[in-house]
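*Asks:*
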Amino acid sequence: MRRIIPVVQEGVVSAGRVQTPVKAIDKGSTALTSLPPLALYVHVPWCVRKCPYCDFNSHELKEDLPEDAYLLALQADLEQSLPDIWGRSVISVFIGGGTPSLLSARAIDRMLSLFRSHLNLLPDAEITIEANPGTVEAGRFDDYARSGINRISLGVQSFNNAALQALGRIHTAEQAGRAIELAQRAVGRVNLDVMFALPNQTFAQCEEDIRQAVAWSTSHLSFYNLTLEPNTVFAKYPPAIPDDDAAAVMQETVAQRLQDAGYERYEVSAYAKPGARCVHNVNYWEFGDYLGLGPGAHGKLSFHHGIIRQARLKNPVSWMENAVKRNGSHLAQSGPVDGADLPFEFMLNALRLRHGVPAHYFEDRTGLPLIQVSKTLQQLTDQGLLRPDPSRLCASDHGWQYLNEVLARFLP
Ligand SMILES: C[S@@+](CC[C@H](N)C(=O)[O-])C[C@H]1O[C@@H](n2cnc3c(N)ncnc32)[C@H](O)[C@@H]1O
Ligand code: SF4
107 MRRIIPVVQE GVVSAGRVQT PVKAIDKGST ALTSLPPLAL YVHVPWCVRK CPYCDFNSHE
167 LKEDLPEDAY LLALQADLEQ SLPDIWGRSV ISVFIGGGTP SLLSARAIDR MLSLFRSHLN
227 LLPDAEITIE ANPGTVEAGR FDDYARSGIN RISLGVQSFN NAALQALGRI HTAEQAGRAI
287 ELAQRAVGRV NLDVMFALPN QTFAQCEEDI RQAVAWSTSH LSFYNLTLEP NTVFAKYPPA
347 IPDDDAAAVM QETVAQRLQD AGYERYEVSA YAKPGARCVH NVNYWEFGDY LGLGPGAHGK
407 LSFHHGIIRQ ARLKNPVSWM ENAVKRNGSH LAQSGPVDGA DLPFEFMLNA LRLRHGVPAH
467 YFEDRTGLPL IQVSKTLQQL TDQGLLRPDP SRLCASDHGW QYLNEVLARF LP
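Reading the sequence shown from the start, the letters are residues 107 to 518 in this note's numbering.
1) Within its chain, find whatever has a CB closer than 7 Å to the CB of V385; leave out the 5 residues flanking it on each side and keep chain order.
2) From this set, N387, H326, S424, which residue's C-alpha is nearest P380's C-alpha?
3) Starting from H404, trace the beta strand (DSSP E) both ways and give me its first and last residue.
4) Helix, strand or coil: which one does DSSP assign to A282?
5) State the start and end residues of the unbroken beta strand (DSSP E) segment that holds V355.
6) When you compare only the Cα positions, how much space is there between P449 and A244?
7) Quick test of the definition: if touching needs 3 or more C-beta pairs under 8 Å, does the segment 221-235 touch the segment 155-173?
8) If you follow the beta strand (DSSP E) that V148 is part of, which residue opens it and which one closes it?
9) Please report the straight-line C-alpha distance between P494 and W506, rounded to a whole angstrom.
10) Identify whether Q307 lies in helix, strand or coil by the three-state DSSP scheme.
11) Could you please give the first and the last residue of the uninterrupted beta strand (DSSP E) stretch that includes R275?
12) Can you check which of these residues, R246, L220, N387, P336, is closest to R284 by C-alpha distance?
13) Just the Cα atoms here: how many angstroms apart are A237 and I477?
14) Which residue wins for smallest C-alpha separation from G204, given the options S210, C153, A211?
15) Quick one: grab the DSSP three-state call for D520.
16) Can the beta-carbon of M356 be found closer than 8 Å to that of F393?
17) Sort Q290, Q281, A367 by Cα distance to I255 and report the nearest one.
18) Using the Cα positions of T241 and P336, report the straight-line distance between them to the nearest angstrom.
19) State buried or exposed for W391, treating a residue as buried only when at least 16 other CB atoms are found within 10 Å of its CB.
20) Could you check whether the Cβ of Y250 sits closer than 7 Å to any heavy atom belonging to ligand 1?
21) By the DSSP assignment, the alpha helix (DSSP H) with A231 in it spans what residues?
22) Report the rounded CA-to-CA distance for S375 versus V320, giving the unit in angstroms.
23) Is the closest heavy atom of ligand 2 to the C-beta of K156 under 7 Å?
24) DSSP beta-bridge partners for A376?
25) Who does D395 pair with in a DSSP beta bridge?
26) Since S480 contacts G490 with CB under 8 Å, what's their CB separation in whole angstroms?
27) Using the beta-carbon count (16 or more within 10 Å), is P137 buried or exposed?
28) How is F162 classed by DSSP in three states: helix, strand or coil?
29) Is the distance from the Cβ of A472 to the Cβ of F516 below 8 Å?
30) With distance defined between alpha-carbon atoms, name the residue in K342, L399, S328 nearest to Y372.
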């Protein structure tokens, strides 16, 4: 069985794992009659140590974190972006990384005040911060919560100390447990990131990680199949990992055990208790808009005349130095999405959702007529790869197993 492409980690649309390509300007782009919901992604690019499997835009911190310079640049980045989102409400904020939990409680407070004063942040907006269990001090999560953080996503990865060491993690399973306790005390909504198909991992060890993850009864779990990404230490010195068949069995076991424990698998890697889906990620998958601030962050913004994609400079120092010049030089790319790419980009996101999306989202959010893809949709439905429901765009059970093949059919 083939593996399904892992595209979006919790909240992440940052350089390193580019979700969708930015293409050259296409004058014959699209026309939208309404704008989709808008989310905000903020990238914090520093980590205590670079993990050998990680291809995110994360940089080992060699000295003190330059909080003041970072916040100044963030404010400049945000203020330059405001004309693109005038009048729009923000449904969610995701502070991702990197390791945002390296930021002090004061810095997070200043950041959220900045967003509240500049944006129409909905009163019930989901506001998530990513945290590494190795950077958690008592009281910090409570302070974050007092500032308005209402969801914490913890990078646990495994509950096995040997596995954590093989992954180059800076924390033990015991520290992860402590961080989970503190997070659950501070906020109601906690996600745990766990990976499977780890170096030398046995099926029994994977089962034990599942058991321990479920035992914490957090509202959300993300289970990722470890992938060896180009330009990482693991790509250069590949560890022995379970083969594709073994990984597929682990994936099926994860899905079954989590379902038995009351979690709904609503996306390829995401599992939620009732009412606890990640609003921010669902917005990506439903082809909503997002403003991405911070080094390497990507954004997608819709206008009545079409859709643009942006990417910030990846290097943290270059981004900080250029953002404060307030002349747009902190942007690595910004331009309209080529209309020819939109069907694939839309499906790449929408079909990851187990129940897909309402069919009218295609026209609403790409500005293209559904008829443009109706032949492909019909063929895939006839082959049993899409559900035969004209009101939704949704992969069948079989199609979901072979998502790469399904998506390839929408390539321009
Ligand atoms: C930005 S990191 C999360 C927060 C924090 N930096 C940490 O690691 O604790 C997002 C998540 O992506 C997952 N991830 C990173 N690299 C991966 C890879 N090569 N394969 C599969 N999942 C990966 C990990 O589960 C990680 O927690
Ligand atoms: S802590 Fe997270 S973001 Fe940082 S290097 Fe490790 S996996 Fe990547």
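Heads up, the beta-carbon is just placed ideally off N, CA and C, and yes, glycines get one too. The structure presented is a predicted model; accordingly, all values stated were derived computationally and were not measured.
*Replies:* A quick look at the data gives this:
1) I197, S198, E232
2) H326
3) First-last of the beta strand (DSSP E) with H404: 404-409.
4) helix
5) Where V355 is concerned, there is no enclosing beta strand (DSSP E), although the alpha helix (DSSP H) it sits in stretches over 350-366.
6) 47 Å
7) no
8) 144-150
9) 14 Å
10) coil
11) Boundaries cannot be given for R275, as no beta strand (DSSP E) includes it and DSSP labels it neither H nor E.
12) R246
13) 44 Å
14) C153
15) In the structure displayed, the chain extends from 107 to 518; residue 520 sits before or after that span and is not available.
16) No, Cβ-Cβ distance for M356 and F393 is not below 8 Å.
17) Q290
18) 27 Å
19) buried
20) no
21) Careful: A231 lies outside any alpha helix (DSSP H), inside the beta strand (DSSP E) at 226-237.
22) 15 Å
23) yes
24) S328
25) L144
26) About 18 Å; that fails the 8 Å criterion.
27) One point to set straight first is that residue 137 is Ala, not Pro, in the sequence displayed. By the neighbour-count rule (16 or more Cβ atoms within 10 Å), A137 is not buried but exposed.
28) coil
29) Checking the sequence, you will find Thr at residue 472 rather than Ala. Not in contact: T472 and F516 (Cβ atoms no closer than 8 Å).
30) Taking only the C-alpha atoms, the option nearest Y372 is S328.
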